[in-house]
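The block underneath contains the structure these notes are about, expressed in structure tokens.
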Amino acid sequence: MASNFFAKAPSAKSTTATKQVIEPPLQPWVEKYRPKTIDDVSAQEHTITVLQKTLTSTNLPHMLFYGPPGTGKTSTILALARQLFGPDNFKNRVLELNASDERGISIVREKIKSFARQTPRAQAVASDGKTYPCPPYKIIILDEADSMTQDAQGALRRIMETYARITRFCLVCNYVTRIIEPLASRCSKFRFTPLDSDSSSLRLAHIAQCENVPVSKPVIDALINTSNGDLRRAITYLQSASRLSSSTQPPTPILPIDIQEIAGVVPDNVIKDFARVLGIDVDDDEMDIDDKPSQKQNGFDPIRKKVKFLMREGYSASQIISQLHDFVIFHPTLNGRKKSACALVFAEADKALCDGADEELWVLEVGLRVHKSVMS
Amino acid sequence: MLSATQKKAASSKSTRPRTVRLGSDGPSTSATQSSKRFDPMTAFAKSQTPTPPPLASKPMARKGKGRETSKTPVNTDDSLWVDLYEPSSEAELAVHVKKVEDVRRWLSEAFDGGPSGKLTKYRRILAMTGSAGTGKTSTLRILAREMGFEILEWRNSIAEPISVDGDRLDDYEGLFTKFEAFLTRASTCNNVFSGSSNNSQASTKRVILLEDLPNIFHTDTQTRFHEALTSLVTSSLSSPPTPLVVIISDAGMRGEASDERRAEGGGWGKDKAQVLDVRTVLSKDLLGGPYVTEIGFNPIAPTLMRKALQAIVNRHFTSKSTSSMAGLAPSKEVLDLIVESSNGDIRSAIMALQFACIVEIPGQKRKNAKKGTSFVMEAITRREQSLALFHLIGKVLYNKRKNDPPNASASAKDLRKEQAIDELLKDPEHLPAHLKHHERRTSRVDVDLLYADSPIETSLFSLYIHQNYTQYCTELEHCEGVADWLSWIDSSGGDAWYLANPHQFHLLTLGTLHSLPSPVPRRSQKSYKPEFFSFLQKEKDAWDGVRNVRDWIAEKEIVDDECGWRAGGWTKNDVILELGGVLKAREANPNKSLSPIPPVHRLFSRMEFTRTGNTGRLQQFNEGDLLADEMPEHDPYYDAISPTSRHGEKEQGGWLESDDIDDFD
Amino acid sequence: MSLWVDQYRPRTLDALNYHKGLSDRLKSLSASGDFPHMLFYGPSGAGKKTRISCTLRQLFGPGVEKLKIDQRIFLSPSKRKLEINLVQSNYHLEITPSEAGNFDRVVIQELLKEIAQTQQVDLGAKQRFKVVVINEADSLSRDAQAALRRTMEKYMSNMRIILCANSTSRLIAPIKSRCLLMRVAAPNEEEILDVLQSVARRAGFDLPPEAGTKIAEDSGGNLRKAVLTLEALKMQSPDLTGPLSIAKPDWELYCQKVADLIIGEQSPGRVMEVRSKFYELLSHCIPPTVILKTVAERVVDKVDDALKADIMHWAAFYEVRMRTGNKKIYHLEAWVIKVMSLYKHFFYNIDMSEFD
């Protein structure tokens with residue numbers, strides 16, 4: 004009985020609550036290095052300037068933050084709330100809800116109701132000795148608001164009206180188009196742009212320095228390239244890489260290839276090899292143009308062989324296709340007609356993979372059709 | 100399906116221009132052929148029209164009825180024939196003798212314990228199953244009269260607010276408590292009931308009848324219901340115990356994705372509980388246990404049905420011999436049609452008969468009789484399953500088009516009719532050159548009409564098309580079209596879209612018609628039931644095999660400390676795809692030191708490739724079948740009499756060689 | 235005595251025959267005390283699960299191999315009962331969410347919450363956390379993945395998750411970014427041969443190199459398949475010499491014969507015949523995608539080059555439809571007819587090869 008996996012140790016129960024707090028070394032760096040004030044937020048200058056003003060006036064509108072993942076939306080609102088309420092009041096003034104966490108508007112409504120019922124009690128002077136504006140309302144953050152159903156959003160609109168006096172809502176989402184118009188029109192909208200590589204690399208370098216992880220410039224570049232302007236992903240990759248490197252004795256330096264492996268990116272030369280089999284000119288020095296005509300005759304078997312190889316290596320089909328897409332679309336010599344023919348295939352394949360289609364069949368399909376378009 | 104509003108809409112239709120009809124044009128069609136048809140997609144939209152519609156054919160009927168009421172005694176005319184001519188003895192019962200005998204034997208065993216006198220203990224619950232109108236209740240009532248027992252029947256009281264949603268669950272619980280109380284009282288303290296009934300001294304034998312069941316779709320209620328029955332059976336409070344009879348009418352559902360649910364397979368059997376059948380009403384333990392006997396009732400055989408209807412007609416018209424209406428006994432054709440369209444449901448057949456006798460059939464001229472009759476009968480017997488599946492499939496697959504060369508076996512009358520239809524069909528405009536290969540002659544099939552009359556939902560319909568289409572194709576290209584449409588229909592839906600998409604039926608039908616050759620060559624094609632379900636069943640069994648083998652491996656891994664344990668063990672696909680060779684080799688070389696493999700593995704690992712056809716397994720279906728997949732396996736009793744009935748059906752149409760199907764227009 | 239695949243499976247990271255670099259990484263990660271959530275991905279039979287087992291052993295010691303099977307009951311939102319078998323030790327727990335069908339979210343959420351809220355009771359345990367292994371993670375529904383994503387953040391302190399999947403394509407990005415990705419590529423033929431040799435040694439016989447090579451070639455990078463084949467062969471002909479015919483599973487031979495049927499004749503009648511064969515395959519639980527791929531492979535091998543690309547195109551096309559549709563047979567059949575039609579027209583010299 005004692006060894007039962009699910010046995011709850013009664014004595015430990017009281018400590019469980021406190022133990023939930025993650026100890027610092029294990030804490031994800033994404034959390035650890037969240038900006039403390041809105042000034043710390045990387046890039047997004049426009050948004051920050053506007054929000055600065057609201058800080059001084061303490062009159063906050065409902066807000067809608069939208070933009071691609073990892074651009075600091077959640078960080079910004081958290082930092083803003085922290086600056087408004089201070090560490091002591093933060094807990095009872097801010098409610099963070101994920102649409103994907105607790106589905107169903109009834110649950111959201113219940114939570115909001117009970118949260119709104121508690122009267123805001125403000126302490127003038129916080130424990131850290133600073134004074135905070137601490138305006139007389141609460142903030143409810145709805146993360147991933149675009150994954151709420153239309154009905155739920157409609158209901159949310161009512162809730163916003165009902166509790167408008169004591170609450171401010173902040174909706175955070177990736178796609179503003181998925182928020183229904185009546186809801187969006189009640190909020191001031193802030194667009195978050197993808198981070199430029201300079202501010203990303205600055206931030207990454209800062210974190211690396213704080214964590215005592217030696218990173219080279221190529222590694223930072225690899226991080227930025229693989230994460231496509233998503234700072235959260237870049238930080239996560241950095242943490243994983245440092246985990247791997249520091250776990251060996253002595254610590255091995257982090258290499259760009261490690262970053263690619265961690266990010267699940269297919270190495271460039273693998274993609275280039277594949278492209279070459281498909282008959283695309285690869286501006287590599289060692290490529291031999293001689294065998295191209297023969298490929299024109301019987302392209303099927305080499306392509307199939309290559310696809311089987313890729314599958315055996317375990318690369319993910321969506322990753323292969325998206326990288327091949329980049330390779331083809333940015334290719335210097337292919338003409339527009341061929342590129343658009345290829346783009347069509349990539350789009351179809353992406354949809355098919357989203358529907359759960361077989362990976363091998365579709366990588367093969369992409370290969371064959373890209374081959375056909377390029378050769379035509 | 101046809102709600103009251105729809106019906107109203109339908110009748111209001113006759114004054115308005117027709118709704119969209121595919122493949123035909125001209126208002127005259129509607130007047131002659133389908134004045135009372137309506138389009139299910141627009142029916143609601145039109146129902147707002149306030150003008151009370153002058154009925155095309157009904158006024159006469161009303162007049163007729165009016166006259167009748169004035170001249171006949173009120174009491175007989177008011178009541179339905181179903182009640183009026185309820186069978187009073189076994190002789191009048193249309194149920195097969197053997198069935199009745201089964202029930203009688205069970206009851207006598209329940210009361211007296213059978214020959215050994217000990218069977219009382221095990222004759223506790225009798226489940227009478229079968230589709231609606233197969234005489235289950237009547238059988239019991241007749242036997243009650245004959246054997247002299249009393250029926251204590253439970254009825255859900257309507258005054259009680261019955262609601263299943265969480266808020267008002269308490270009310271419902273109240274009802275269920277009452278039900279439980281009823282059960283205990285009925286089974287134990289006989290006196291409570293007998294005290295209130297007049298002839299308590301005469302009859303001491305009682306049977307509890309459950310026909311009106313509590314809402315067993317509600318999971319909790321179902322559980323409690325099962326518990327109540329189980330405790331009733333296992334308790335030995337009173338002797339002799341009161342036997343319980345449960346009557347379960349299998350609901351023939353249309354518009355439900357039932358086969359898709361089944362197709363999901365494996366899973367959790369999550370949708371089993373949505374269908375009212377014996378397995379939901381009685382718990383698994385009870386069904387498998389010794390206390391429950393199940394007697395299935397088949398649809399009434401056509402011969403028996405005809406006999407019973409004839410008897411009613413005779414009684415009706417002899418009893419009212421004084422009336423001036425006496426001469427209007429329905430013709431044989433009418434009876435035949437009623438029998439045919441009733442699909443073995445005697446209750447609906449009697450209803451139809453009653454109406455048939457009330458409505459004066461216009462023009463009793465022999466020449467036109469059949470057409471006129473069918474026209475009226477269509478109005479009377481309009482039921483959800485009125486168009487036999489057989490005809491539906493035939494209509495689509497024969498792909499008749501305007502100016503088809505006439506069928507060799509067609510009679511002059513049929514030819515005239517075809518011509519009449521053709522005259523109403525307009526030729527389509529010519530297509531531009533690049534679409535020339537899509538040009539077809541106008542179809543004689545009215546898809547809207549088919550959709551309105553289809554006895555099955557699209558998914559099942561597609562299975563029937565799939566099973567049979569190849570016979571009607573001459574070239575591979577024809578197959579290609581149909582197969583692609585089937586594939587498209589199946590993949591375009593998804594569960595969510597299914598309900599919202601009324602186009603699947605149309606798309607499939609039109610796509611099939613477009614792809615099939617025209618005209619379809621006649622080579623005495625036979626219609627088969629889809630093999631889909633039997634293979635689905637086989638697949639389910641095979642999955643059990645997979646599970647068994649996997650458990651066998653897992654057990655060895657865990658028990659046998661020697662072998663390396665592997666996270667996750669074997670996935671099902673690993674077992675299916677990769678284990679075959681080893682399993683075969685092990686069986687071929689039995690070794691004492693190896694533990695035996697569960698033999699069920701053959702269900703998925705063994706495959707014999709043979710080129711012999713498997714037509715033996717195919718089941719043909721014909722006009723008599725309702726929903727072919729819902730048909731129970733043939734009961735020996737039913738089969739014993741069926742040769743005659745089968746013969747009868749053949750005479751009426753046989754395979755789709757003659758053009759009888761057009762009679763349903 | 236169990237199957238060789240299980241019996242001679244490496245049990246420690248050191249005993250693994252190939253992907254040494256990966257094993258080293260896993261070893262150092264286990265020792266570092268900063269063990270992340272992990273996602274193992276790679277083709278079937280590449281050794282993902284073996285590596286997971288070895289990693290667990292490295293983390294917790296041999297105690298992790300003491301397993302028991304529990305049956306647990308969950309309530310679905312509609313109050314239906316789901317029974318699920320769980321394999322667990324004192325230190326870890328395994329879930330195969332596909333067994334929960336549509337309710338995988340419920341199961342995942344309940345189980346993880348429960349584990350996260352319990353403490354490691356064994357004081358002698360090497361790690362403070364427990365590990366949850368989620369098999370076939372790519373079959374998790376979106377809902378379940380979203381639920382998992384939250385849980386992974388919330389309960390990091392006393393739980394780690396190891397996901398095992400064939401591909402990462404079907405996993406949502408937030409999950410991937412929260413895990414350390416471990417790609418397990420299929421072993422190449424020499425590596426397979428090595429493993430086969432060592433299995434043979436441990437089973438007490440010598441594997442003739444030709445036989446080994448043949449098995450390795452035939453396995454297509456699937457090590458499990460290779461070892462199973464070896465065992466079957468050994469049972470059939472104990473000396474493993476002479477011309478060996480690798481006994482393919484019945485379904486594979488069956489698929490090949492179906493392919494021959496397709497090429498042999500193209501007519502509505504033949505369509506019916508092929509259909510009944512497909513029904514037979516489906517009723518033996520062979521996944522429809524596997525059927526389609528196996529038959530297509532065979533057909534492609536036998537037809538003219540000009541047709542190959544089209545045949546594969548339609549295979550891909552109908553495979554997607556099969557995923558979204560319910561009745562697999564329709565799509566298989568539609569593909570067969572397409573292939574027949576292509577084949578027939580090719581011989582009539584009509585150019586139908588354009589597709590779009």
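If you read the protein sequences in the order shown, they are chains A, B and C.
Taking our numbering, the leading residue of the first sequence gets 4, the next gets one more, and so forth.
Taking our numbering, the leading residue of the second sequence gets 100, the next gets one more, and so forth.
Taking our numbering, the leading residue of the third sequence gets 235, the next gets one more, and so forth.
Beta carbons: idealized from backbone N, C-alpha and C, even for Gly.
Listed in chain order, the positions of the stretch 509-535 of chain C with a beta carbon within less than 7 Å of a beta carbon of chain B are S510, Y513, E514, L516, S517, H518, C519, I520, P521, V524. Scanning chain A for C-beta atoms nearer than 8 Å to the C-beta of K410 (chain C) yields G267, reported in chain order. Contact check between the stretch 485-504 of chain C and the stretch 432-451 of chain C: fewer than three CB pairs, one atom from each, fall below 8 Å, which does not count as touching. In the DSSP annotation of this structure, the continuous segment of the alpha helix (DSSP H) that includes Y488 (chain C) starts and ends at 484-498. In summary, G255 (chain C) is exposed, with fewer than 16 beta-carbon neighbours lying within 10 Å of its beta-carbon over all protein chains present. From the beta-carbon of M246 (chain B), no residue of chain C is found nearer than 8 Å; the closest lies around 42 Å away. Between A226 (chain B) and I347 (chain B), the beta carbon gap of about 6 Å places them in contact (Cβ cut-off 8 Å). Chain B has no Cβ within less than 8 Å of the Cβ of P331 (chain C).
Note on geometry: alpha-carbon atoms of G455 (chain C) and P421 (chain C) lie some 6 Å from one another.
Using a Cβ-Cβ distance cut-off of 8 Å, the stretch 162-177 of chain A and the stretch 64-72 of chain A are in contact, since at least three pairs of beta carbons, one from each stretch, lie closer than that value.
If you draw a straight line from the Cα of R112 (chain A) to the Cα of R412 (chain C), it is about 30 Å long.
For D304 (chain C), the secondary structure class from DSSP, reduced to helix, strand or coil, is strand.
Residue pairing by DSSP places T79 (chain A) opposite no residue, since no beta bridge is assigned to it.
Nearest CB-CB separation between E113 (chain A) and chain C: not below the 8 Å threshold.
The C-beta distance from V505 (chain C) to C578 (chain B) rounds to 6 Å, short enough to fall under 8 Å. Rounded to whole angstroms, the separation of the alpha carbons of D261 (chain A) and S78 (chain A) is 28 Å.
Runs of the alpha helix (DSSP H) spanning 4 or more residues and lying entirely within the stretch 213-254 of chain B occur at 235-246, in chain order. Bounds of any alpha helix (DSSP H) do not take in T330 (chain C), whose DSSP letter is neither H nor E.
Here E370 (chain C) is buried. Its C-beta has 16 or more other C-beta atoms within 10 Å. By the neighbour-count definition (other C-beta atoms within 10 Å, threshold 16), F333 (chain A) is an exposed residue. Taken in chain order, the members of the stretch 357-387 of chain C whose beta-carbon sits within less than 8 Å of a beta-carbon on chain B are V367, N369, E370. Secondary structure note for V391 (chain B): its beta strand (DSSP E) is the uninterrupted segment 391-396. In the DSSP assignment, C176 (chain A) falls within the beta strand (DSSP E) that extends over 170-176.
Spanning the alpha carbons of T229 (chain A) and S401 (chain C) requires a straight line of approximately 19 Å.
When C-beta distances to chain A are compared with 7 Å, every residue of the stretch 290-306 of chain C stays at or above that value. Of all C-beta pairs linking the stretch 135-145 of chain A to the stretch 90-98 of chain A, three or more are shorter than 8 Å, placing the two stretches in contact. Neighbours of R555 (chain C) in chain B, taken as residues whose beta carbon is under 7 Å from its own, are S586, S590 in chain order.
K35 (chain A) has a beta carbon lying at 8 Å or more from every beta carbon in chain C. Per the DSSP secondary-structure output, C572 (chain B) pairs with nothing in a beta bridge. In summary, H529 (chain B) is exposed, with fewer than 16 beta-carbon neighbours lying within 10 Å of its beta-carbon over all protein chains present. In the structure shown, M151 (chain A) adopts coil according to DSSP, grouped into three states. For V269 (chain A), no beta strand (DSSP E) segment is defined, and its DSSP state is neither H nor E. With distances taken between CA atoms, P408 (chain C) lies nearest to C:T385 out of C:R417, C:T385, C:L430. Shortest Cα-Cα distance from V529 (chain C) to any of C:C519, C:D538, C:V508 involves C:V508. Look at I411 (chain B) here: in three-state DSSP terms it is helix.
Going by DSSP, D428 (chain C) is part of no beta strand (DSSP E) but of the alpha helix (DSSP H) stretching over 423-437.
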